[in-house]
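The listed protein sequences derive, respectively, from chains A and B. Each residue of the first sequence is one higher than the one before, counting from 1 in full-length UniProt numbering. Each residue of the second sequence is one higher than the one before, counting from 1 in full-length UniProt numbering. Working notes for the structure below.
2 protein chains.
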Amino acid sequence: MGITKAAHYSAEQNELAGIIKALGHPARIAIVDYLLTVDSCICGDIVNELHLAQPTISQHLKELKNAGIIKGTIEGNAICYCINETAIEGLKNYFNGILKKLENKKFNCC
Amino acid sequence: MGITKAAHYSAEQNELAGIIKALGHPARIAIVDYLLTVDSCICGDIVNELHLAQPTISQHLKELKNAGIIKGTIEGNAICYCINETAIEGLKNYFNGILKKLENKKFNCC
DNA sequence: AATGTTTATCGTAATATTGCAATATAATAA
DNA sequence: TTATTATATTGCAATATTACGATAAACATT
């Protein structure tokens with residue numbers, strides 16, 4: 001990013017943008033896709049699934065975790081990552097809220 | 001962004017990440033917020049609302065438009081921007097789909 | 001035609017992101 | 001203890017994003 005002026009926006013706008021930004025990369029969409037397909041969630045095999053080096057995956061996982069989109073717990077040697085349902089619900093509600101506001105608008109002219 | 005390897009992901013993943021990324025900035029969240037509050041959508045006053053210079057706003061509007069999140073039509077001298085309901089529905093459906101998949105998963109252990 | 005108004009584009013500086021090799025850390029296995 | 005395995009961190013090069021001043025383009029008004 002460049003020089004984002006976070007101070008100009010509300011806390012809600014900054015937080016929401018942060019969460020959404022975390023999903024705004026195909027690798028991280030792919031990680032979420034993958035977490036949904038596997039029934040176990042010991043997820044070292046993400047490195048084999050995506051064509052990215054292990055440090056790169058680790059970095060993407062960290063960003064998803066910081067944004068609250070995934071949760072991780074230590075499972076002995078490995079780490080268990082899974083999707084944080086609450087965060088996804090929050091995003092669904094945000095977009096649903098936009099749709100409801102659009103219904104109440106007098107003009108959405110374009 | 002750095003060196004994103006778009007070729008490694010599916011067309012759906014790339015497209016979705018692009019749309020989501022467009023909303024992953026507080027200024028663009030604020031623009032969407034603002035478009036929802038005004039009943040007219042002649043939107044030159046976005047420049048007064050957000051604390052950003054006119055070229056910066058124009059650039060953000062362009063990105064939102066490229067991503068399909070807003071639509072713009074020429075209204076004489078000015079331009080009328082409004083939210084593209086279809087795109088928002090798509091995003092809502094994506095997150096709703098994740099929630100449904102989570103319900104069907106045997107383990108979401110974390 | 002000349003002026004003003006509104007939005008877009010260009011060029012560029014400052015900063016952020018992406019990806020990876022090398023290395024570190026932490027737990028397990030031999 | 002010494003490997004081995006799994007994940008994280010560091011450091012860096014390549015690239016992308018953000019913001020803005022200057023300017024252009026398009027239309028409206030006088």
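Beta carbons are placed, not taken as given, at the ideal position from N, Cα and C, and that holds for glycine.
- Put simply, the CB of Asn77/B is far from chain A, with every gap to its CB atoms at 7 angstroms or more.
- Of the candidates Asp33/B, Leu64/B, Glu63/B, Gly44/B, Gly44/B places its Cα closest to the Cα of Gly76/B.
- Within the UniProt domain "HTH arsR-type" (8-103) of chain B, the beta strand (DSSP E) runs of at least 3 residues that lie entirely inside it are, in chain order, 70-75, 78-83.
- Inclusion of Leu64/A and Arg28/A in the CB contact set at 7 angstroms is warranted, their separation being smaller than that value.
- Listed along the chain, the chain B residues whose CB falls inside 7 angstroms of the CB of Glu63/A amount to none; the nearest CB is some 11 angstroms away.
- Residue contact with chain A for Tyr9/B: present (Cβ-Cβ distance below 7 angstroms to some residue of chain A).
- When the alpha-carbon of Glu12/B is set against those of Ile69/A, Ile57/A, Ala30/A, the nearest one is in Ala30/A.
- Note that the C-beta distance between Ile19/B and Ala67/B is below 7 angstroms.
- When Cβ-Cβ separations below 7 angstroms define contact, Lys100/A makes no contact with chain B.
- Residue-level contact by beta carbon fails for Glu49/A and chain B, as no gap is shorter than 7 angstroms.
- For the 7 angstroms CB-CB criterion, Gly24/A and Gly24/B form a contact.
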